[in-house]
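Student:
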Amino acid sequence: MAIIEVKDLTKIYGNGDNAVRALDSINLSVEEGKFVAVMGPSGCGKSTLLHLIGGLDRPTSGSVMIEGKDISKMKDDQLTELRRRKMGFIFQFFNLIPVLNAAENAALPLILDGVKQERAKAKAMEWLQKNQLGDRSTHRPDELSGGQQQRVAIARAMISDPLIILADEPTGNLDTRSGDEIASVLRSLVSDWGRTVLMVTHDPRIAAYADRIIFLKDGKIVDDTLMSSDAPENARRLKEKVESL
Amino acid sequence: MSVRHSLLGLLAQQPRYGYELRAAFTALAGGSENWNVTPAQIYTTLNRMLESGLVEIEPSDDGSTSEKRKFHITPAGLEEFNRWLLTDVRDEPQQDAFYLKLMLSRHLDFVDTSRLIQIQRNGLYHDLHRITQAREKLDQRTDLARIMLMDKAIMHLEADLRWLDMVESRLDEVVKQPPPEVCLRPRGRPQKNSPVSDRQ
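So, in structure tokens, the structure goes:
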């Protein structure tokens, strides 16, 4: 079963003559444990798609199913719960709290959730170490490079063990080398930790880390490419399809 | 021509056997998956260079030839190698096969030009993904030279993809461009006292 299933998803901003159709009947299915990049020119609706899948915004029509549950029909508190338990968010600007150090920033979601300080910090350290930041845990954001700050943000996103990581231009504010590092960390979340990553980017270099690239234009999916490493998977699906005929 | 001159360069380092030269070139060029030369290519090149005096064979005791020949560079070979080394490398960025397809398709009503862009983009992304994955497996300290070569390829692919995006965003205008002007030169020998005198 697909972990994310989007059906006839449409989002219209404004109304009457000023209405803008940001997404136009999108259908998309994402399997668990895949790294998917969403690309397209600015204003194509890629961030809107990510926000709707993440439950940060509500669709005009259509549905978003996460693990088979329609989130567009959920009440606000149910949606909040789902976001906290199932999803991790990573943004272009790292949104770290300046007065907290790396470990405190990464631990924040658990602390806000009522988990004891000690346990939350231990969990934060675990993810900081996985992101090669174990020795920077007491540094404040202004003492960290952009790439390091984004890795703290990834640790923060991972701390509640989400199944799905939604990343909106995660390397947009970084130089090439730090961008590569972050893409590599996202890749390992999928390859080593079995998570599902959906990433919006305009950078081909970063998209190349993904298993699948979806191209949006004017609110529609215009192309959908599986990368070569998926060839066995492709062959399996084709075989299933042929056998089912 | 790069293969020929690289073989000279390898021989400038030390005399080598033919099979050693192939292995050394493959290592130099970043692996056989990156640049595959066949033994036949190597021996053909070596034989040509023997004929033109750029390399010579070490006289062997048993008088054996073929694979067991050890090659040395000659002074003429060294000079040729150095000349190549000190000449800048140029490619032809404006000779573009995809551009030809694009230009041809816009006046053929059975071709969907935007589909051509998609196919091309898919191919470029597959290459980019493959190289990115291979690069991820390398060690920054011990494989830096290989990583630099891969970065070069990645940057070129990025540029190709950006260009494709640019073309796609202005495709309507591009398609409406007038066809390129075709200049038909007069056939046969130029006439006497013709002003076109530089065509000799």
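Residue numbers (our numbering), protein chains in the order written: chain A, 17 to 261; chain B, 929 to 1128.
Even glycine gets a Cβ: it sits at the ideal position worked out from N, Cα and C.
Smallest Cα separation from A/Val115: which of A/Phe107, A/Phe109, A/Gln108, A/Leu124?
Tutor: For the residues A/Phe107, A/Phe109, A/Gln108, A/Leu124, the minimum Cα distance to A/Val115 belongs to A/Leu124.
Student: According to DSSP, is B/Thr966 helix, strand or coil?
Tutor: Residue state, collapsed to three classes: coil.
Student: Chain A beta carbons: is any one of them nearer than 8 Å to that of B/Leu1056?
Tutor: Yes, contact with chain A.
Student: Determine, for B/Leu1099, whether the minimum Cβ-Cβ distance to residues of chain A falls below 8 Å.
Tutor: It does not: the Cβ of B/Leu1099 has no partner Cβ on chain A nearer than 8 Å.
Student: Which full runs of the beta strand (DSSP E) of 3+ residues lie inside the region 24-103 of chain A, going along the chain?
Tutor: 36-47, 51-55, 77-82, all fully within the region 24-103 of chain A.
Student: Between B/Leu935 and B/Glu948, what straight-line distance do the alpha-carbon atoms span, to the nearest angstrom?
Tutor: So the two alpha carbons sit approximately 10 Å from each other.
Student: Assuming B/Leu939 and B/Val983 are in contact, meaning their beta carbons sit under 8 Å apart, how far apart are those beta carbons, in whole angstroms?
Tutor: The pair is a contact, with the Cβ atoms about 6 Å apart (cut-off 8 Å).
Student: Flag this pair as yes or no: are the beta carbons of A/Lys50 and A/Asp227 separated by less than 8 Å?
Tutor: Taking 8 Å as the Cβ cut-off, A/Lys50 and A/Asp227 qualify as a contacting pair.
Student: Can you confirm whether A/Asp208, when its beta carbon is compared against all beta carbons of chain B, has any partner nearer than 8 Å?
Tutor: Chain B contact via Cβ: absent.
Student: Please list the partners that A/Ser200 has in chain B, where partner means a Cβ-to-Cβ separation under 7 Å.
Tutor: Those are Glu1064, listed as they occur along chain B.
Student: So, does the CB of B/Gln1046 fall closer than 8 Å to a CB anywhere in chain A?
Tutor: Closer than 8 Å to some Cβ of chain A, the Cβ of B/Gln1046 qualifies, so yes.
Student: Answer with yes or no whether the minimum CB distance from A/Thr96 to chain B is below 8 Å.
Tutor: So, not an interface residue.
Student: Per the DSSP calculation, B/Val1017 is bridged to which residue(s)?
Tutor: For B/Val1017, which the question treats as bridged, DSSP gives no partner whatsoever.
Student: With distances taken between CB atoms, is the gap from A/Tyr225 to A/Ala183 smaller than 8 Å?
Tutor: Result no, Cβ atoms of A/Tyr225 and A/Ala183 do not sit closer than 8 Å.
Student: On the criterion of 16 or more Cβ atoms from any shown chain inside 10 Å, does A/Cys60 qualify as buried, or is it exposed?
Tutor: Under this definition A/Cys60 is a buried residue.
Student: Please report the distance separating the alpha-carbon of A/Leu144 from that of A/Ala119.
Tutor: If you take the alpha carbons of A/Leu144 and A/Ala119, they lie about 7 Å apart.
Student: If I'm right that A/Asp86 touches A/Lys236 with Cβ under 8 Å, what's the distance once you round it to whole angstroms?
Tutor: About 22 Å separates the two Cβ atoms, so there is no contact after all.
Student: Out of curiosity, what's the CA-to-CA distance linking A/Gln148 and A/Asp33?
Tutor: Using only the alpha carbons, I get a separation of about 51 Å.
Student: Between A/Met243 and chain B, is there a C-beta pair that is closer than 8 Å?
Tutor: For A/Met243, the answer is yes, since a Cβ of chain B falls inside 8 Å of its Cβ.
Student: Is the number of C-beta pairs between the region 1036-1052 of chain B and the region 1003-1017 of chain B that are closer than 8 Å three or more?
Tutor: No: the two stretches stay apart, fewer than three of their Cβ pairs being nearer than 8 Å.
Student: Just confirm the distance between the C-beta atoms of A/Thr154 and A/Pro75, as a whole number of angstroms; I'd bet it's less than 8 Å.
Tutor: Their Cβ separation, rounded to whole angstroms, is 43 Å, which puts A/Thr154 and A/Pro75 out of contact at 8 Å.
Student: Quick one: using the 10 Å Cβ neighbour count with 16 as the cut-off for buried, is B/Ser1125 buried or exposed?
Tutor: Because B/Ser1125 sits at a pLDDT of 47, beneath the cut-off of 50, its placement in the model cannot be relied upon, and the following sentence gives the value as read from the coordinates. B/Ser1125 should be labelled exposed.
Student: Given that a residue counts as buried once 16 or more other Cβ atoms are within 10 Å of its Cβ, and exposed if not, what is B/Pro1021?
Tutor: Counting Cβ neighbours within 10 Å, B/Pro1021 comes out exposed, since fewer than 16 surround it.
Student: With a threshold of 7 Å on Cβ separation, who are the neighbours of B/Leu1056 within its own chain once the five nearest residues in sequence on each side are excluded?
Tutor: If we look at B/Leu1056 and ignore the five residues flanking it on each side, its Cβ neighbours are Ile1082, Leu1085.
Student: If you measure from the beta carbon of A/Arg167 to each beta carbon in chain B, is any gap under 8 Å?
Tutor: Not closer than 8 Å to any Cβ of chain B, the Cβ of A/Arg167 fails to qualify, so no.
Student: Using 10 angstroms around the beta-carbon of B/Pro920, count the other beta-carbons present and answer buried if the total reaches 16, otherwise exposed.
Tutor: Residue 920 of chain B cannot be examined here, being either before or after the span of chain B that is shown, 929 to 1128.
Student: Can you tell me which residues form a DSSP beta bridge with B/Ile985?
Tutor: Answer by DSSP bridge pairing, in chain order: B/Phe999.
Student: Determine, using beta-carbon pairs with one atom in the region 84-99 of chain A and one in the region 130-144 of chain A, whether at least three such pairs fall under 8 Å.
Tutor: No: the two stretches stay apart, fewer than three of their Cβ pairs being nearer than 8 Å.
Student: Once DSSP output is grouped into helix, strand and coil, what is the label at A/Val206?
Tutor: Note: A/Val206 maps to helix in three-state DSSP.
Student: Is it right to say B/Gly946 is buried, meaning 16 or more other beta carbons lie within 10 angstroms of its own, or is it exposed?
Tutor: B/Gly946 should be labelled buried.
Student: Can you check which of these residues, B/Glu979, B/Arg944, B/Ala1025, B/Leu1089, is closest to B/Arg997 by C-alpha distance?
Tutor: It is B/Arg944.
Student: Ends of the alpha helix (DSSP H) at A/Lys236?
Tutor: Segment 236-242 is the beta strand (DSSP E) holding A/Lys236; no alpha helix (DSSP H) there.
Student: Under the assumption that A/Leu232 contacts A/Lys62 (Cβ atoms under 8 Å), give the Cβ distance between them as a whole number of angstroms.
Tutor: That belief holds up - the Cβ atoms of A/Leu232 and A/Lys62 are roughly 5 Å apart, short of 8 Å.
Student: CA-CA distance, B/Met1078 and A/Met17?
Tutor: Distance between the alpha carbons of B/Met1078 and A/Met17 is about 37 Å.
Student: What in chain B is Cβ-close to A/Asp40, meaning under 9 Å?
Tutor: None at all; the shortest Cβ gap to chain B is about 17 Å.
Student: Thinking just about the alpha-carbon of each residue, which of A/Phe110, A/Ala223, A/Glu83, A/Ile222 is nearest to the one in A/Arg99?
Tutor: For the residues A/Phe110, A/Ala223, A/Glu83, A/Ile222, the minimum Cα distance to A/Arg99 belongs to A/Glu83.
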